[in-house]
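*Asks:* In UniProt numbering, the protein residues as written are 1 to 110. All residues carry an ideal CB built from backbone N, CA and C; glycine is no exception. Because the structure is a prediction, the values reported are computed rather than measured.
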Amino acid sequence: MSDAQIEVNETVGGGEEPPGRANVSRNLETILRIPVVVQVVLGSAVMPVSHLLKLGRGAVIPLDHRVGEPVDVVVNGRIIARGEIVVVEDDNSRFGVSLTEIVGPVGSAD
1 MSDAQIEVNE TVGGGEEPPG RANVSRNLET ILRIPVVVQV VLGSAVMPVS
51 HLLKLGRGAV IPLDHRVGEP VDVVVNGRII ARGEIVVVED DNSRFGVSLT
101 EIVGPVGSAD
């Protein structure tokens, strides 16, 4: 074994992080701080523009989800979870979502 190989092994085995690992940790921390918009979708509706133009105050738009069905939790256009609408305990004037299902990545066996 050459001296260079011994030196590399001692550095890696000596408890110090290999060069680059600290950069990966910093990059991961930066990525984990990126804000994302989380949307809760109660449902959707399809209608012609003519109906849309007739809508006014008090109009009701029927949605494709029924009362009691899970709502979709969407991040960046992808459904990541489903849940039930709840009233936030600390503030009765706000709604929240109690997650009932985490949706696996596209193509997973979940």
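Can you tell which of 23, 37 and 22 has its C-alpha closest to the C-alpha of residue 74?
*Replies:* For this step, residue 74 is matched to residue 74 along the sequence shown. The residue with the shortest Cα to Cα distance from residue 74 is 37.
*Asks:* Apart from the five residues on each side of it in sequence, which residues of its chain come closer than 8 Å, Cβ to Cβ, to residue 63?
*Replies:* Taking the sequence shown and counting its residues from 1, one reaches residue 63 at position 63. Cβ neighbours of residue 63 beyond the five flanking positions: 42, 43, 44 and 45.
*Asks:* Please report the distance separating the alpha-carbon of residue 87 from that of residue 97.
*Replies:* Within the sequence shown, the letter at position 87 stands for residue 87. Within the sequence shown, the letter at position 97 stands for residue 97. Their backbone Cα atoms lie some 8 Å apart in a straight line.
*Asks:* Within the continuous beta strand (DSSP E) that includes residue 25, where are the two ends?
*Replies:* One-based indexing of the sequence shown puts residue 25 at position 25. No beta strand (DSSP E) holds residue 25; the alpha helix (DSSP H) holding it covers 21-32.
*Asks:* Quick one: is residue 91 buried, meaning 16 or more other Cβ sit within 10 Å of its Cβ, or exposed?
*Replies:* Translated into positions along the sequence shown, residue 91 becomes position 91. Flag for residue 91 reads exposed.
*Asks:* Quick check on DSSP: helix, strand or coil for residue 51?
*Replies:* If you number the sequence shown from 1, residue 51 lands on position 51. Residue 51 falls in the helix class under three-state DSSP.
*Asks:* Please classify residue 93 as buried or exposed, where buried requires at least 16 neighbouring CB atoms within 10 angstroms.
*Replies:* Translated into positions along the sequence shown, residue 93 becomes position 93. So residue 93 ends up on the exposed side.
*Asks:* Starting from residue 72, trace the beta strand (DSSP E) both ways and give me its first and last residue.
*Replies:* In the sequence shown, counting from the first residue as 1, residue 72 sits at position 72. Here the beta strand (DSSP E) through residue 72 covers 71-75.
*Asks:* With residue 81 as the anchor, note down where its beta strand (DSSP E) starts and where it stops.
*Replies:* One-based indexing of the sequence shown puts residue 81 at position 81. That run of the beta strand (DSSP E) goes 78-87.
*Asks:* Tell me the DSSP secondary structure of residue 42 in three-state form.
*Replies:* Taking the first residue of the sequence shown as 1, we reach residue 42 at position 42. In the structure shown, residue 42 sits in coil (DSSP, three-state: anything other than H, G, I, E or B).
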